[in-house]
Each structure stands twice: as C-alpha cells, then as structure tokens.
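Reading through the structure tokens given below for one structure.
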Amino acid sequence: MEMLSDDQLNNLNKEALIIIVSSLQSQLAAVQSQLDTANAMLSDNNRQIELLTEQIRIMNQRHFGKKSESDLNAADGQLSMFDAFNEAEALKDPKVPEPEITEVVIASYKRTKTVGKRDADLDGLPARIIEHTLSAEELAEKFPEGYKELPHEVYKRLHIIPETFIVDEHHVHVYASKANNGVIIKAPRSVDLFRNSIATPALVASIINGKYVNALPLERQARTYKNNGINLSTNTMANWVISSAEKYLSLVYDRLHELIYKSPVIHADETPTKVMRIDNKKIANGKKTYMWAYRNRPTKDSPPIVLFDWQASRRADHPREFLKTFSGTVVTDGYQVYHKLGKERPDLNVAGCWIHTRRPFAEFIKSVGAEGAKGSIADEAYNMITEIMHLDNGYDDLSPEDRKTQRQLHLAKKVDDYFAWVKQKYMQVTRNSVIGRALAYSINQEPYLRKFLDDGNIPMDNNYAEQAIRPFTIGRKNFVIIESDNGAKASAMLYSLVETAKANLVNTYRYFELLLTEIPKHMDDKDLSFIEELLPWSERVQRECPSGYKNQNQSLIQK
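Counting from 114, one number per residue, gives the positions in the sequence shown under this note's numbering.
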C-alpha cells in the first residue's frame, strides 16, 4: 500500500479524508476484535492452568503434606501400620485340626516369677529387687573392728521379659466311694474355650490384642512365637480369633449396640473397603463395600461406645436400619444419605461438621503457604471458622443448657456474619475452583451447620467418628482387600470392642482375657444379665483391667 505524503494529505478534500478515516476505523475495530478473542482464549487457558495448578497443589498436600489443621506451621510425623486386616478370616479353616501341646511346644524352660512391689517412680510397674552385697569374708577383711550398714544406694533400670509361655496341665481329681457302689465324682474344672482345644483365654486374647490393637499380622506373631519355642500355625490362630468373635464376643457387641442409643448424640462416618467374596460368590477384583462407624457422645449416663458396622453398599438402607430405634441427633460430614433420613423422621436431627467445612480452606492455605495465602478468601474463611470454634471450646465445661445460652449470646451473630460473607464471596469466584467448591459446601450445609446453636449437646465437629474410624482407614492401606463378608463382619466386631475398651481407658489385652474367661461359663444361661458386669465401664472391668495410659485426667464424658 502506497503511503501519502504530508503535502498530499494537506491537499485532500473533506470527502476523501472521511473515507480514509472510516476505513481506518473499520480496520482498527477488526484488529481489536481479533485481539479480544485472542485475549479471551488466553484468559480461559490461563484460568484452566490455574485451576489445574490449584488442584495439583491440593492433591500434593493431601498425599505428602501434614494432615493436622491445628497448626498450619507444624509438621506431623509419619504413620505406619503393617496389619493385613482380613488376615485372620482369610486364614481361618475349620478343617485344620487343633494342634496338640506336644506339637506346639518346641522347647520348655522355667522363668523366675518377678517379685511384686509397687514402684511409684515407674508408674506402678511391678518391680524386682536385686541386692548387691559384699560377702561376710569381704566385710571382715575391710572392717576388722566391725561395721554398720548405711541406707542403700538405689538406682532403677527398666527391664523386659519377652513372651513367657506356660503349659497349663489340668489334673482333675476323681473320687469313688469305698463302698464300691459305683458312685464316681470328678472335681469341677474350668470351662474350655473350644472343645478339645489347647487354646486358653490368655493366649487368644494375646493374639487378638496383637493383631487388632498393635497391628501385628498373624504371620508375624507366628514367627515371634516360634522364636520363643512355640509352633502355632496362622490357620490355627485364625480359627481361634474368628470363632471367639462369633461365639462369645458377639454377645458384648450386641449389648453395646443396644446401649449406644441412650446417648442424645451419635457421630457417624463411613469409609470404603474392597471385599473379594460376598455370599460365597467370588467377585473379580473385589467389590467396593463400606465400613460404617458410629460413636456416641459420652455423657454421665452414656459411657463411650464405638461400633463398626460392615455393609455391602453405601445406600441409605444401612444407616436407616442401624438408627431405626434412635431418637436424637446424628453428627455427620455432610453425606446426603443422613439428610434424607432426617427428612423422613421428625425425631432424627442431623447436624453438620465445621471441621469438614474448614478443611478445604486449610488445604488451600497449606498448598500455597501461609505467607502466600495471607489476605485470600481461604485465609479469611479459615480464620472466621477457627474463631467461632475457639470460642465454643471455651464452653466445654458448661452444662448443655448454659452452653446453648452462651452460643446464642456470643456465636449466633458470628455464624450469621460468616454465611452472609460466604454468599457474597461466592459471587466473586470461579464456581469449579477449590475455593468456589468450598464456599458452595458452606452454603449447601448451612441448615445443618447451624444446628449446634440450638442444642448444647450438639458439638461443632464430627471428630469422634473420625477418630473412631481412623484405625481402620490406616490399616486399609496395608490390607487393601477383605477376603469375605463374614470376615468383614467379624473384624468389625473386634474393632468395635477394641476401640470401645480404649475409649474407656481399659487395658485391651486384660479385657479380652476376662471376656474369654467369663463368657464361656454362661453359654447355657437363658439370662444374659451377666454381660452388664463385663462392659468396659463396669466397676469390675475398671478394677481388673486398668489401662496404663498416662493421662488419667483425660475426660471420658461430656459435662
């Protein structure tokens, strides 16, 4: 295109100038339109990149970052578990014959019983006194004019005696009349745990405690036993564990199931797990099933109870059945199944969890760093929720009535302000971003998150359920799958008793030993009232199975 000189432009008439300017405007408009389209495409691409980057940061944080929200600047330690959760059920084989003592005991030896003495400095651990003296000859040589003994020098060291095995050889005395009238009487003997079995309550309790409390697979326990001269197969141990759960421990589990409904508040959570065989039908690659966990809100009238309930799906039928006789409040993480149940039943109240509400904001802050998140929507939301929860923690020692009063006076306005702020900010963010979804969660859960304001019994979080289900979720990383539905049910039962015992500060090994000693004595009873004194909080269990847990000031109940 030929360029016009200044003289030529000066000589152009008005019509020519109008045509040129109009043409230039059209060309500029076309260029601007192309630029706008390019910028829009670039903006969309950049936004997609930002969303993907944001999601990658959050995923990295979830997989590799610290999990605690209590301190966004402190690093957590790593957790490790070795357990194969369904191992006992997978190895259980009714066809495996019970071993004889001669098959089990490889070598025998005696150990000196520890001298019993309570030592306050070692928190009540049994102690043995080891005397260090000089002989009479040495003393006579050192002190020819005689000696007197001064107070002892005492120092303490912690010693351990590995697994000690003793064969209980029962000698049942038999008596007959001298008149030879055919009357023969045997002395009473203890009830066998299983017919013609060498298993004892102490041995089976140790196996259960090792696997479901200390996460030691049966194979590892078998190797430990063998190192101590005991040859127990994993199949034999699996038979004992599952049979104990089904025959004896189920009685306690059923009673706990009845008693959990006494609490005005129950926490609920669920987590998936794969099962390979259901109704004796093997499923390729396993079926995704669910382990449901329920834990009551402890009160003076309702001690801590933790129950696991395995189900083949996540449908509403399962919590509907479990909670069918419960009237009160269920605290959950926002799963719609519970909201459905709450709408079906006027006597069932459903409350939300503020920890779940805060969590995505906390994850975002940790993913970008506290400094980078300053002033962001996530930072502001996190601080608002944290302030509300911190203030509510100050009411923990109050009665439910007084707690409700304080919440209405000091927290109701802050909760109103939070939801008003959330709805305002939601209009300013991308809906499918991490922050957009987090704000949407708050908006959708608002009716359930507000429930704590109207009842002093309702907590702001679902931590009880999360704490209860954690042993299973951590172990699942190692066991991956469960062999069958029967194994899942038995394991759920054992975890229920373990976690309930721990919640009541009971020594789990001693507790299982007591249960397996006492329950077999009552298998012919029509009255099951004996179970009451075997519940973890009973006076007898607390006396005979005390936990060595150091923080004995831990509160077991909500005031």
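Virtual Cβ for every residue (Gly too), placed ideally from N, Cα, C.
Nearest-angstrom Cα separation, counted from residue j out to residue i
i: residue 563; j: residue 595; result: 39 Å
i: residue 434; j: residue 383; result: 15 Å
i: residue 320; j: residue 334; result: 8 Å
i: residue 582; j: residue 560; result: 26 Å
i: residue 233; j: residue 617; result: Residue confidence for residue 233 is low, a pLDDT of 41 falling below 50, so the modelled location carries little weight; the figure read from the coordinates is stated next. Taking the straight line from one Cα to the other gives about 23 Å.
i: residue 406; j: residue 586; result: 11 Å
i: residue 607; j: residue 487; result: 46 Å
i: residue 574; j: residue 509; result: 13 Å
i: residue 547; j: residue 501; result: 22 Å
i: residue 96; j: residue 514; result: Since the first and last residues shown for the chain are 114 and 672, residue 96 lies out of range.
i: residue 647; j: residue 304; result: 18 Å
i: residue 441; j: residue 353; result: 39 Å
i: residue 148; j: residue 137; result: 16 Å
i: residue 597; j: residue 584; result: 20 Å
i: residue 424; j: residue 324; result: 22 Å
i: residue 294; j: residue 639; result: 36 Å
i: residue 326; j: residue 498; result: 35 Å
i: residue 656; j: residue 579; result: 29 Å
i: residue 636; j: residue 329; result: 30 Å
i: residue 641; j: residue 368; result: 10 Å
i: residue 272; j: residue 240; result: 9 Å
i: residue 661; j: residue 620; result: 7 Å
i: residue 193; j: residue 318; result: With a pLDDT of only 37 at residue 193, under the threshold of 50, the placement of this residue in the model should not be trusted, and no figure is reported.
i: residue 556; j: residue 524; result: 18 Å
i: residue 322; j: residue 625; result: 8 Å
i: residue 141; j: residue 125; result: 22 Å
i: residue 454; j: residue 448; result: 11 Å
i: residue 552; j: residue 451; result: 21 Å
i: residue 534; j: residue 490; result: 10 Å
i: residue 610; j: residue 540; result: 49 Å
Limits of the unbroken beta strand (DSSP E) element including residue i
i: residue 389; result: 378-391
i: residue 504; result: Here residue 504 belongs to no beta strand (DSSP E); instead the alpha helix (DSSP H) covers 490-506.
i: residue 421; result: 419-424
i: residue 610; result: First-last for residue 610: 598-616, but that is the alpha helix (DSSP H), not the beta strand (DSSP E).
i: residue 269; result: Run containing residue 269: none; DSSP gives neither H nor E here.
i: residue 288; result: 287-289
i: residue 556; result: That residue, residue 556, is in no beta strand (DSSP E); its alpha helix (DSSP H) goes 547-562.
i: residue 297; result: 297-299
Residue i, enclosing alpha helix (DSSP H) - first and last residue
i: residue 399; result: Per DSSP, residue 399 belongs to no alpha helix (DSSP H); it is in the beta strand (DSSP E), 394-409.
i: residue 655; result: 652-657
i: residue 625; result: 621-631
i: residue 474; result: 467-481
i: residue 364; result: 363-372
i: residue 355; result: 347-357
i: residue 526; result: 525-539
i: residue 431; result: 430-435
i: residue 340; result: 331-340
i: residue 452; result: 449-457
Interface flag, residue i vs chain C, CB-CB below 9 Å
i: residue 430; result: As a matter of chain content, chain C is missing from the structure shown, which is built from one protein chain.
Residue i, buried or exposed, once every other Cβ within 10 Å from all chains shown has been counted against 16
i: residue 119; result: exposed
i: residue 221; result: Residue confidence for residue 221 is low, a pLDDT of 47 falling below 50, so the modelled location carries little weight; the figure read from the coordinates is stated next. That one is exposed.
i: residue 280; result: exposed
i: residue 476; result: buried
i: residue 243; result: exposed
i: residue 438; result: exposed
i: residue 567; result: exposed
i: residue 258; result: exposed
i: residue 189; result: A caution first: residue 189 carries a pLDDT of 37, below 50, which makes its placement in the model unreliable, though a value can still be read off. Flag for residue 189 reads exposed.
i: residue 404; result: buried
i: residue 456; result: exposed
i: residue 268; result: exposed
i: residue 260; result: exposed
i: residue 417; result: buried
i: residue 558; result: buried
i: residue 263; result: exposed
i: residue 649; result: buried
i: residue 643; result: exposed
Cross-strand partners of residue i (DSSP beta bridge)
i: residue 464; result: 444
i: residue 242; result: None, per the DSSP bridge assignment.
i: residue 415; result: 412
i: residue 321; result: In DSSP, residue 321 forms no bridge with anything.
i: residue 131; result: DSSP, once it has assigned bridges, lists no residue as partnering residue 131.
Check: residue i C-beta below 8 Å from any heavy atom of the ligand SAM
i: residue 135; result: Although the ligand SAM was asked about, the structure shown includes no ligands whatsoever.
Stretch pair the region 294-313 + the region 267-285: three plus CB contacts closer than 8 Å: yes
Is it a yes or a no for the region 383-394 touching the region 242-262, going by three-plus beta-carbon pairs under 8 Å? no
Between the region 477-494 and the region 442-462, do three or more beta carbon pairs fall short of 8 Å? no
I'd like to know if the region 308-324 and the region 619-630 are in contact, where contact means that at least 3 CB-CB pairs between them fall below 8 Å. yes
Would you check if there are 3 or more beta carbon pairs closer than 8 Å linking the region 410-417 to the region 371-378? yes
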